[in-house]
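Remarks on the structure that follows.
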Amino acid sequence: MLKDTQVKNLKPQDKPYRKLDADRLYIEVRPSGKKVWIHKFSLNKKEGSITYGEYPSISLAEARYYHARDRALLAKGINPVAHRNETARLALETEQETFKKYGDEWKEKHKIDKSEDYKKLIEYGLKTDIYPVIGHLHPKDVTSKHVLLIINNTMERIRTSTRSQKLKPSTGETTAIVNKTFIGMIMRSCIMKGLAEVDPTYAVKGVIKRQKINHARPLSMKEIRELKERIPLYNGAQTTRNALNFLFYTMLRTIEVRRLEWAWVDWENKTITFPERTFQEIIEGKRAMKNNKIHLLPLSDQAFSILKEQYTITAKCQFVFSSPMQLTLGKPEKMLGRSTLNFALDALKMNDVSPHDARATASTYLNELGSDDRWIEKQLSHTDNDKTRATYNHAKWLRNRRSMLQWYADFLDGKAEMPVHEEVT
């Protein structure tokens, strides 16, 4: 057997030559001066050879280790060359089979019929919170410990974010739960593909304690008066001021006010018709109503006046309430930002009021007034389970609903009063 000093002192010659260590393990010395470890073997009456690399990068001890490993494979009838190639192939596949790869595949399929806001939520959650921790890992290597780390990192990011502190401080539980849900959905898709056996999100189920949800509530008479007095004092964009007033006059959802397009306004009949969208349009983020049903909105005088004023600002835009910031900066048009009305209410020191309260307020006072439940439900655009009936009923009780909305707009402006015995405080 060779000694390390012997290998070290071997000199190149005009032709390659080999020195035997043991059991057909050789060091081959080449004219260039390179010294290469070679293992000659015989398997199934066929000769073969495998190289282990150059000396001194591969030491004598390392060459003997590889030699012993491959002799063990040969004893089992396994060709060491084929085995090394297969191991290298699997290693390469493992390197390429990452959580990010399958997360991106899931994302493209999952977001097909989702809103633009939801798509952005997926993109941001994966890019900001999830991929930095587990994106490089093979799905089978993702553990509950990783998921818990992502949960904690997400909540910490939300708690310390400047933007969150400017609005109403958030502790991040909702976003962390959403991220955990995304991880679970991706892992389950990987399990179905045979890439993993366990969904690590199950082990951390219940670890996040949800914040108490403040559901939409009706405003008191005092809050209504304060709100109506403060909105004209808002020193932000006129578009934001108009959108806030329009929201309370129309019983629409915030997202529906933001999506409103000029093409849907019937100036002659003082109505707005929110269209039903096709599946392709929904995929493209062009949903109109939450339930994707035709919704006919009769306009009160106040709501109609807001549209006329807003037309002088955004007449050339697609959206009635186009983002003022985008227009000011000369950037491509977008609808009003999702948090803009929340920021406006905070700026007006109406911190306990949410845009979602507008619908609850209208429903409560109109019910107290004794308005027909059917008119109220129709105006709230609550889903009619009978799809055929819903298709033809969008214009039903239009005159009644217009009168109801006109009374309510007057009530908000202090021009109409609730009966004393029915007043909500």
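Under our numbering, the first residue of the sequence shown carries the number 1, and numbering increases by one thereafter.
Glycine is no exception: its CB is placed at the ideal position from the N, C-alpha and C atoms.
- Around the Cβ of Tyr26, a 10 Å sphere holds 16 or more other Cβ atoms; the residue is buried.
- Short of 6 angstroms from the beta carbon of Gln379, and not among the five residues preceding or following it, lie these beta carbons of its own chain, in chain order: Met251, Arg401.
- Under the 10 Å beta carbon count, Leu90 is surrounded by fewer than 16 other beta carbons and is classified as exposed.
- For Arg84, the closest alpha carbon among the candidates Ala75, Ala61, Ile50, Gly103 is that of Ile50.
- In this structure, DSSP gives Tyr55 an extended state, which the three-state scheme calls strand.
- Where Glu223 is concerned, the enclosing alpha helix (DSSP H) starts and stops at 221-230.
- Exclusion of the five residues before and after Met350 leaves Glu223, Glu226, Leu227, Arg230 as the residues of its chain whose Cβ lies within less than 8 angstroms of its Cβ.
- Inclusion of Thr98 and Leu149 in the CB contact set at 8 angstroms is not warranted, their separation being larger than that value.
- Taking 8 angstroms as the cut-off, the Cβ atoms of Thr273 and Trp264 count as close.
- Nearest neighbour of Leu233 by Cα position, chosen from Tyr66, Ala347, Asp141, Asp413, turns out to be Ala347.
- In the DSSP annotation of this structure, His295 is not part of any alpha helix (DSSP H); the continuous beta strand (DSSP E) holding it starts and ends at 295-298.
- If one requires a minimum length of 4 residues, the alpha helix (DSSP H) runs lying completely within the stretch 250-291 are 254-259, 279-283, in chain order.
- Under the three-state reduction of DSSP, Arg24 is assigned to coil, being neither helix nor strand.
- Between Thr240 and Thr340, the C-beta spacing is below 8 angstroms.
- As DSSP reads the structure, Val29 sits in a beta bridge with Tyr17, Lys35.
- Runs of the alpha helix (DSSP H) spanning 4 or more residues and lying entirely within the stretch 108-192 occur at 116-124, 131-134, 144-160, 162-166, 173-192, in chain order.
- Lys11 is not bridged by DSSP to any residue.
- In this structure Tyr52 is in contact with Trp37, their Cβ atoms being roughly 4 angstroms apart against a cut-off of 8 angstroms.
- Annotation for Lys308: the continuous alpha helix (DSSP H) segment containing it runs 301-314.
- In the DSSP assignment, Ala72 falls within the alpha helix (DSSP H) that extends over 60-75.
- CA-CA distance, Asp352 to Glu173, rounds to 20 angstroms.
- The criterion of a C-beta distance shorter than 8 angstroms is satisfied by Val204 and Val147.
- In the DSSP secondary-structure assignment, Met335 is bridged to Ser322.
- Bridge partners of Lys46 according to DSSP: Leu43.
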